[in-house]
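Chains W and P, in that order, give the protein sequences. Note that my numbering gives residue 175 to position 156 of the first sequence, counting from 1, and the numbers run on in steps of one. Note that my numbering gives residue 53 to position 34 of the second sequence, counting from 1, and the numbers run on in steps of one. Reviewing the structure listed below.
2 protein chains.
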Amino acid sequence: MRNAFQDQLDAVFVDLAGICRRVENAVALASIALLEGDARVAEQVISGDAEIDAARERVEETCFTLLSLQQPVAGDLRVVISALRIVSELERMGDLSVHVAKIARLRVPELAVPDEIRPTMSQMADVARDMVARLAQIITDRDVQAAMALGRDDDEMDRLRRQSFRDLLSGQWSSGVEPAVDVALLGRYYERIADHAVSVAHRIVFVVTGQQPVDA
Amino acid sequence: MRNAFQDQLDAVFVDLAGICRRVENAVALASIALLEGDARVAEQVISGDAEIDAARERVEETCFTLLSLQQPVAGDLRVVISALRIVSELERMGDLSVHVAKIARLRVPELAVPDEIRPTMSQMADVARDMVARLAQIITDRDVQAAMALGRDDDEMDRLRRQSFRDLLSGQWSSGVEPAVDVALLGRYYERIADHAVSVAHRIVFVVTGQQPVDA
Numbered sequence: 020m021r022n023a024f025q026d027q028l029d030a031v032f033v034d035l036a037g038i039c040r041r042v043e044n045a046v047a048l049a050s051i052a053l054l055e056g057d058a059r060v061a062e063q064v065i066s067g068d069a070e071i072d073a074a075r076e077r078v079e080e081t082c083f084t085l086l087s088l089q090q091p092v093a094g095d096l097r098v099v100i101s102a103l104r105i106v107s108e109l110e111r112m113g114d115l116s117v118h119v120a121k122i123a124r125l126r127v128p129e130l131a132v133p134d135e136i137r138p139t140m141s142q143m144a145d146v147a148r149d150m151v152a153r154l155a156q157i158i159t160d161r162d163v164q165a166a167m168a169l170g171r172d173d174d175e176m177d178r179l180r181r182q183s184f185r186d187l188l189s190g191q192w193s194s195g196v197e198p199a200v201d202v203a204l205l206g207r208y209y210e211r212i213a214d215h216a217v218s219v220a221h222r223i224v225f226v227v228t229g230q231q232p233v234d235a
Numbered sequence: 020m021r022n023a024f025q026d027q028l029d030a031v032f033v034d035l036a037g038i039c040r041r042v043e044n045a046v047a048l049a050s051i052a053l054l055e056g057d058a059r060v061a062e063q064v065i066s067g068d069a070e071i072d073a074a075r076e077r078v079e080e081t082c083f084t085l086l087s088l089q090q091p092v093a094g095d096l097r098v099v100i101s102a103l104r105i106v107s108e109l110e111r112m113g114d115l116s117v118h119v120a121k122i123a124r125l126r127v128p129e130l131a132v133p134d135e136i137r138p139t140m141s142q143m144a145d146v147a148r149d150m151v152a153r154l155a156q157i158i159t160d161r162d163v164q165a166a167m168a169l170g171r172d173d174d175e176m177d178r179l180r181r182q183s184f185r186d187l188l189s190g191q192w193s194s195g196v197e198p199a200v201d202v203a204l205l206g207r208y209y210e211r212i213a214d215h216a217v218s219v220a221h222r223i224v225f226v227v228t229g230q231q232p233v234d235a
C-alpha cells in the first residue's frame, strides 16, 4: 500500500508541474496580449483557462481518492493537503492571467499600457513569467534551495510595483486617468501571481522538509 | 467514534463562524477608517489581523487532527476539507480588509475617497460588511437558502464596481490620478471580499447537501 500511495502522490506532483506549465503559458500570452494589444492572443488566454480549471478538478479528485482509500496520517496527510492547496493557488494564478488578458482585450486597438510606464510593466510581466517557469521546475525537482530563492524574485516584483506607483503619482504622469486605473490593477494582478508563486514554493519546501520556511 | 467526530466537526464550524464575525468587524472598521480618515481605527484593523491568522491556524490543526485520528471517508472527508478551504478564504478576507485599512492610513489626514465617488464607495463598504455578517449567520445555521441568496448581493457589488469605473472614466472625474488609483484598488479589494463570501457560502451548501450549487 505504501508504494502505491507514493506512486500516486508522485503522479499528483507531475500533474501539478504540468498545470504550472500551463499557467506559465497563460502568463506569457497574457503579457503579449497586453504589450502588443493583440485581441486574438487575449482570447486564447481567456478561453484556455477552462483547461486549467479542468486539470485542477482532476488533481482534486485524485487527492480525495488518495485520502479516502489510503487514509494517510501525519506527514503523508499533510503532503496531500498541500497538493490540494497548491492546485488551488495555481488555478488562481490562471485566473489572474485572464484578468490581465481581459484588460488587454478591453483596450484593443489601443494599448492599455502607455509608453511612459511600458518599461516597468514589461519588467513586471517578465518577472512574473520567470517566477512561474521556475516554480514549475521547483515542483518537478522538489528543489528546496530554488524554492527558497524564489522569494528574492518576489522582492524584485515588489520593487517594480513601488516603481509603478512612483511612475503614476510623480506628477509627471501624462496619460490620464483610464490608463492609470488599468496600470494600478495590472500591477496588482502581477503582484498576486508572484505572491502565489512564492506561497506554492513554500508549500514545496514543506512537502520536502516537513517544515515551513522561516520567512513564510 | 462517529459521535465524537460529529461533535468535533460542529466545534470547527462554531470556530469558523467566530472567525467570520472577526472578519465582519475588520471589514466594518476598515471602511470607517477609509471613509472617516481615521488612522487609529486603521491601525486597529492592521494589528488585529494577527488574531484572525492565529484562529485560522487553530482551526487547521483541529482539522488535521480530525483527519488523522478519525480517518473520515466520502462525505465526512469532504466536509473537513471544506472547512480547511473556508478558513483559508476567511483569512484572505481579513487580509483584504487590511489592504483597505492601509490605503486609508496612507492618505491620513486626507481622505482616500473623494466626495465625487463617496456614495459608490460607501455602498460597496456597506454591501461587503452586510455580506460578511450574513455569511457568519449562514455558517452558524448551515442555511442553504440564505447561502444561495448571497449571490444576489454579489450582483449588487458587481454593479457598484461597474458604477465606480463609470465614475472614474466618465470624463467628469476631477480628483486626479492618485485618488483614481486608490479607488480602483479599493474597488478590487471590496469585490474580492464579496467573491470570497459567495465562495464560502457555496461551500456551506456543499457541506449541507453534498452538492455544489449549480451556479458555483
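Note that the Cβ used here is the ideal one computed from N, Cα and C, for glycine as well.
Residues near A235(P) by beta carbon distance below 6 angstroms, same chain, minus five either side
Caution applies to A235(P), whose pLDDT of 43 falls short of 50 and renders its modelled position unreliable; the value that the coordinates give is listed next. Cβ neighbours of A235(P) beyond the five flanking positions: H221.
So for E129(P), helix, strand or coil by DSSP?
coil
Strictly below 7 angstroms CB to CB, what residues from chain P border S87(W)?
V92, A93, L96
In terms of alpha-carbon separation, which member of V132(W), A165(W), M176(W) lies closest to R148(W)?
M176(W)
Listed by chain order, chain P residues near A199(W) by CB distance under 7 angstroms:
V196, A199, V200
Within this structure, are the beta carbons of G56(W) and R126(W) separated by less than 8 angstroms?
yes
Can you tell me which of the three DSSP states D149(W) falls into?
helix
Could you work out which residues of chain W lie near A203(P), taking near to mean beta carbons separated by less than 9 angstroms?
A199, V200, D201, A203, L204, R207
Determine the burial state of N22(W): buried for a count of at least 16 other Cβ atoms within 10 Å of its Cβ, exposed for fewer.
exposed
Got a sec? Which residues, its chain only, sit under 6 angstroms from V224(W) by beta carbon, not counting five neighbours each side?
V163, A166, P232
For the pair the stretch 83-102 of chain W and the stretch 190-207 of chain W, tell me if three or more CB-CB distances fall below 8 angstroms.
no
Could you check whether the Cβ of L187(P) sits closer than 8 angstroms to any Cβ belonging to chain W?
yes
Just to confirm the assignment, what range does the alpha helix (DSSP H) spanning D172(P) have?
163-188
Note down the Cα distance separating G206(W) from D145(W), rounded to an integer number of angstroms.
13 angstroms
Which chain P residues are close to F83(W), counting only those with a beta carbon under 8 angstroms from its beta carbon?
L96, R97, I100
On the criterion of 16 or more Cβ atoms from any shown chain inside 10 Å, does V33(W) qualify as buried, or is it exposed?
exposed
DSSP state of S194(W), grouped into three classes?
coil
Apart from the five residues just before and just after S218(W), which ones in its own chain have a Cβ nearer than 7 angstroms to its Cβ?
E108
Classification of M20(W) by the beta-carbon crowding that lies within 10 angstroms, buried from 16 upward:
Legend: pLDDT at M20(W) = 49, less than 50; position of this residue unreliable, value from coordinates given subsequently. Exposed: under 16 other Cβ atoms inside 10 Å.
If the cut is a Cβ gap below 7 angstroms, which residues of chain P does L35(W) touch?
The contacting residues do not exist; L35(W) stays about 17 angstroms from chain P at best.
Could you spell out the range, first to last residue, of the alpha helix (DSSP H) harbouring Q229(P)?
Per the sequence shown, residue 229(P) should be read as Gly rather than Gln. Unbroken run through G229(P): none, as it is neither H nor E.
Please confirm if L154(W) has its CB atom under 8 angstroms from at least one CB of chain P.
no
Quick check: the Cα distance between A155(P) and S194(W), rounded to an integer number of angstroms?
44 angstroms
Select from T159(W), A203(W), F83(W), D114(W) the residue whose C-alpha is nearest the C-alpha of P133(W).
A203(W)
Taking L109(W) as the query, report the chain P residues whose CB atoms sit under 9 angstroms from its CB, ordered along the chain.
Correct list: empty, because the minimum Cβ distance to chain P is about 15 angstroms.
From the beta carbon of L28(P), is the nearest beta carbon of chain W less than 8 angstroms away?
no
Can you look up V33(P) in the DSSP assignment and give me helix, strand or coil?
helix
Check whether chain W comes within 8 angstroms of M20(P), counting only Cβ atoms and requiring the distance to be less than that.
Only weak support is given to the placement of M20(P): the predicted model assigns it a pLDDT of 49, under 50, and the value that follows is read from those uncertain coordinates. Cβ-Cβ to chain W under 8 angstroms: no for M20(P).
Delimiting residues of the alpha helix (DSSP H) encompassing D68(P):
58-89
What's the C-alpha gap between E80(P) and F184(P)?
42 angstroms
Might you give, ordered along the chain, the residues of its own chain that have their beta carbon closer than 7 angstroms to the beta carbon of T84(W), omitting 5 neighbours on each side?
none
Alpha carbon of R104(P) to alpha carbon of V78(P), nearest angstrom:
11 angstroms
Proximal chain W residues relative to L103(P), where beta-carbon distance stays under 9 angstroms:
I100, L103, R104
Can you tell me the Cβ-Cβ gap for I212(P) and M140(P), rounded? I've got them flagged as a contact below 8 angstroms.
Rounded, the Cβ-Cβ distance is 13 angstroms, inconsistent with contact.
Is it right to say L88(P) is buried, meaning 16 or more other beta carbons lie within 10 angstroms of its own, or is it exposed?
exposed
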